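**Q**
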Amino acid sequence: MKTVLVLGSQKPTARLAIHELSGRDDVHLIELDDEQVDVTYEKTYLPFISDVNIIISFLGPLDVDIAFEGLFDAIRASEVTLTNFVMISTAGIDNEVTGTLQFPAGVSDVNEYLKQQRYAIKVVDEAEIPYTVIRPVTVVDQVAGPVKVYDEGEKMPTGFVSRETVARVAVQSAVEHQYVNQSIGLFQNKKDV
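The numbering of the sequence shown is UniProt numbering, which starts it at 1 and goes up by one.
#1: Over what stretch of residues does the alpha helix (DSSP H) that includes I93 continue unbroken?
#2: Take every Cβ of the region 67 to 75, pair it with every Cβ of the region 93 to 112, and state whether three or more of those distances are shorter than 8 Å.
#3: Along the chain, which unbroken stretches of the beta strand (DSSP E) at least 3 residues long are found entirely within the UniProt domain "NAD(P)-binding" (37 to 174)?
#4: Is L5 closer than 8 Å to I30 when the C-beta atoms are compared?
#5: If we cut at 8 Å on Cβ distances, does Y119 have a partner in chain D?
#6: For V27 and A105, I'd like the C-alpha separation in whole angstroms.
#7: Excluding the five sequence neighbours on either side, which residues of its own chain have a C-beta within less than 7 Å of the C-beta of L21, listed in chain order?
#8: Just checking my contact of I121 with S89 at CB under 8 Å: how many whole Å lie between their CB atoms?
#9: Provide the residue span of the alpha helix (DSSP H) that contains H19, from first to last.
#10: Would R76 be called buried (16 or more neighbouring beta carbons within 10 Å of its own) or exposed?
#11: Consult DSSP for V27 and reduce its assignment to one of helix, strand or coil.
#12: Taking N95 as the reference, give the member of E112, V86, A17, K155 with the closest Cα.
#13: What three-state label does DSSP hand K2 in the structure shown?
#14: For S9, name the three-state secondary structure that DSSP assigns.
#15: Provide the residue span of the beta strand (DSSP E) that contains Q182, from first to last.
#16: Enumerate in chain order the residues of its own chain whose CB-to-CB distance from R24 is below 8 Å, with the five nearest sequence positions on each side excluded.
#17: Residues in the same chain with beta-carbon distance under 7 Å from L16, minus the five sequence neighbours each way, listed in chain order, please.
#18: Nearest to E128 by alpha carbon, out of P12, Q142, Q182?
#19: Taking C-beta to C-beta, are Q188 and V143 nearer than 8 Å?
#20: With V86 and I66 assumed to form a contact (beta carbons below 8 Å), what rounded beta-carbon distance in angstroms separates them?
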């Protein structure tokens, strides 16, 4: 049995991942809603992580770097052994996107937002645990077409990807150990349909 902690559980994409995970017999779910608790403090996480094997983070879009400092302080303090950590970030953190990207609502300072995302990824990488960083282009409710996965550093177009696709890839990465120690870009379509 795998115990999966989903951070940012109230977000629409997280809800889709939780729905998919809840249908699995080999998963025990723990949800943490970052709108109900302050996720910047180590003590927030301690009651939740003692038996966790996998964490999927939908935190953000802003201040994810500060939240990860608290989270990884808690991971170190509790000496939990994670088998996987999945972070939903954004395309554009490595200037890999050709064209103008639409960033999440609430992001007014794109440069600061990208710095926060980069720092959070650095915190994950330095923890030396298996991880996957998922970098979707603009996330929308519906997009037609198959998903294209881009490796870190590979140029990718602006466009759209569905919430369902991001959730599915997050779950596959977490429980089936796909894309381990990779940062992947997700793209489905150039037009929102």
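A virtual CB, placed ideally from N, CA and C, is assigned to each residue, including glycine. Model, not experiment: these values are computed from the prediction.
**A** From the atom records:
#1: Premise fails: I93 is in no alpha helix (DSSP H) and is neither H nor E.
#2: no
#3: 54 to 57, 84 to 88, 131 to 136, 138 to 140, 148 to 150, 160 to 162
#4: yes
#5: In the structure shown, chain D cannot be found, because there is only a single protein chain.
#6: 32 Å
#7: V4, V27, L29, V171
#8: 6 Å
#9: 12 to 22
#10: exposed
#11: strand
#12: K155
#13: strand
#14: coil
#15: 182 to 187
#16: V175
#17: R163, E164, A167
#18: Q182
#19: yes
#20: Contact flag wrong, Cβ pair sits at about 19 Å.
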